[in-house]
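Remarks on the structure that follows.
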Amino acid sequence: MPWFGMDIGGTLTKLVYFEPKDITPDEENQEVEVLKNIRKYLTKNSAYGKTGHRDIHLQMDDVSIGGRTGSVHFIRFPTSEMGGFLALAKKQGMATLITTVCATGGGAFKFEPTFATEVNMKLAKFDELDSLLKGMKQIVQLNNPGEVYYWANPTQPEACTKELYDFSDPYPFIIVNIGSGVSVLAVYGPSNYKRISGTSLGGGTFLGLCSLLTGCSSFEEAIELAAQGDNTKVDKLVRDIYGGDYQRFGLPGDLVASSFGNMCSRERRQSVTKPDLARATLVTITNNIGSIARMCAVNEKINRVVFVGNFLRVNQISAKLLAFAMDYWSKGTLKALFLEHEGYFGAVGCLLAFNEYS
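Written out as structure tokens, the structure is:
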């Protein structure tokens, strides 16, 4: 039986598929044609329809789950395309083999009736934050030291490099989960954590505002635009107000003093480009997240801040901004950490929980 874990978010659905590789000859003979077709379809393709994608570079092999050894595949699609996913599941015959799928995220509640009526499947629901931490712990253990990394020299753009970080002794740490919105947790041990903050201004806000301001239609397009833009044409900087640095409080002249502050001027509005607006939107959202994360770390007296979530996928701009903010404003006492599997930990965690549960 194929094993699936789903994290149904407000913007993106993350699907993890565990493919056993230690199949015995007897199991091979007993495996029905439908199951073989499902396995072949999922593992031989990297795209499903127009919006489903398998992140081949994240695939993990020789993984043990529930006493079986196999490969873990990572698939994502927009939650708005859930109807298309269910139609594909029905077409591939998945519903004839699987009666229950483990799921987490808000969509596990929202789409429960749809799964029942469309494909006759039950959703075994697991807590979103429990799943996040369970999945992260498992992936880090399996992939250490290749999973966790940081940006060295974040205050020096020319010297900034991506470096691996040994996370074998992780506790305590702050985790900032950036999805459609943002949740901030303080983690003291394997099952000892609390939610300490959050904000509604997250990845969904960035994509929503970018869609309004630029007409972009996907996260990838929004990030591509932002990479070409200059937020200083949109934002009002410290130097725009003080003529340079604000030395008394150590505020550099190139620091954003007012996000979108230059857009009060009709002349400035007429000169900005869509890439400039996309970059300013990305910087605004990222700076807000960084500010909240830093305050939480200081309040909890924890010096490692782990940033996860699909907001960071194909988004080095935000990762480097967050690394800079943690390092600069803490005078080097806080370290921003990032993970290769970014937004898939919830799906992995509920898959593990489902295996334990069943």
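For the sequence shown, counting from 1, position 306 maps to 305 in numbering that gives the first Met the number 0; every step adds exactly one.
Beta carbons are placed, not taken as given, at the ideal position from N, Cα and C, and that holds for glycine.
Query raised in the report: Going straight from the alpha carbon of Ile-195 to that of Ala-185, what length do you get?
Result: 7 Å
**Report entry** Own chain partners of His-340 with C-beta closer than 6 Å, once the 5 adjacent residues on each side are dropped
**Finding:** Leu-57, Ile-138
Query raised in the report: Hey, does Gln-155 have any beta-carbon neighbour from chain B nearer than 7 Å?
Result: Absent here is chain B; the protein component of the structure consists of one chain.
Query raised in the report: Which word fits Ser-264, buried or exposed, when buried means at least 16 other C-beta atoms lie within 10 angstroms of its C-beta?
Result: exposed
Query raised in the report: Where does Leu-350 fall in DSSP's three states?
Result: helix
**Report entry** Those residues which DSSP pairs with Leu-11 across a bridge
**Finding:** Pro-77
Report task. Return yes when the Cβ of Cys-101 is within less than 7 Å of the Cβ of Ala-115, no when it is not. Result -> no
Query - Presumed contact (8 Å Cβ cut-off) between Gly-197 and Ser-179, rounded CB distance - result: That belief does not hold up - the Cβ atoms of Gly-197 and Ser-179 are roughly 11 Å apart, past 8 Å.
**Report entry** Where Val-15 falls, given that 16 or more other Cβ within 10 Å makes a residue buried
**Finding:** buried
Query raised in the report: Going along the chain, which residues of its own chain have a beta-carbon closer than 7 Å to the beta-carbon of Arg-67, five neighbours each way excluded?
Result: Pro-19, Asp-21
Query raised in the report: Is it the case that the Cβ atoms of Thr-213 and Leu-128 are separated by a distance below 7 Å?
Result: no
**Report entry** Exposed unless 16 or more other CB atoms sit within 10 angstroms - verdict on Pro-251
**Finding:** exposed
Query raised in the report: Who are the near neighbours of Arg-268 in its chain, counting only those whose CB is closer than 8 Å to its CB and skipping five residues on each side?
Result: Met-262
Query raised in the report: Rounded to a whole number of angstroms, what is the C-alpha to C-alpha distance between Asn-302 and Glu-162?
Result: 18 Å
**Report entry** Presumed contact (8 Å Cβ cut-off) between Thr-283 and Phe-306, rounded CB distance
**Finding:** Actually they are not in contact, since the Cβ atoms of Thr-283 and Phe-306 sit about 17 Å apart, beyond 8 Å.
Query raised in the report: Who are the Cβ neighbours of Ile-174 in its own chain at under 7 Å, not counting the five residues just before and after it?
Result: Leu-184, Val-186, Val-305, Val-307
**Report entry** Which listed residue (Phe-3, Arg-75, Phe-166) has its alpha carbon closest to that of Gly-9
**Finding:** Arg-75
Query raised in the report: CA-CA distance, Gly-331 and Met-325?
Result: 8 Å
**Report entry** Nearest to Val-147 (by Cα), restricted to the options Lys-136, Pro-153, Ala-292
**Finding:** Lys-136
Query raised in the report: Should the stretch 309 to 316 be called in touch with the stretch 234 to 242, which here means at least 3 C-beta pairs below 8 Å?
Result: no
Query - Under the three-state DSSP convention, the category Cys-101 falls into - result: strand
Query raised in the report: Which word fits Gly-289, buried or exposed, when buried means at least 16 other C-beta atoms lie within 10 angstroms of its C-beta?
Result: buried
Query raised in the report: If you draw a straight line from the C-alpha of Asn-152 to the C-alpha of Phe-172, how long is it?
Result: 21 Å
**Report entry** Same chain, Cβ closer than 6 Å to Asp-6, neighbours up to 5 away in sequence not counted
**Finding:** Lys-13, Thr-103, Gly-104, Gly-345, Ala-346
Report task. Label Asn-191 either buried or exposed according to how many other C-beta atoms from any shown protein chain fall within 10 Å of its C-beta, with 16 as the threshold for buried. Result -> exposed
Report task. Mind reading off the beta-carbon distance from Arg-53 to Ser-45? Whole number of angstroms is fine, and I expect it under 8 Å. Result -> 5 Å
Query raised in the report: Ser-182: which of Phe-125, Ala-292, Thr-272 sits nearest, CA to CA?
Result: Ala-292
Query raised in the report: Below 7 Å between beta carbons: does that hold for Phe-73 and Cys-349?
Result: no
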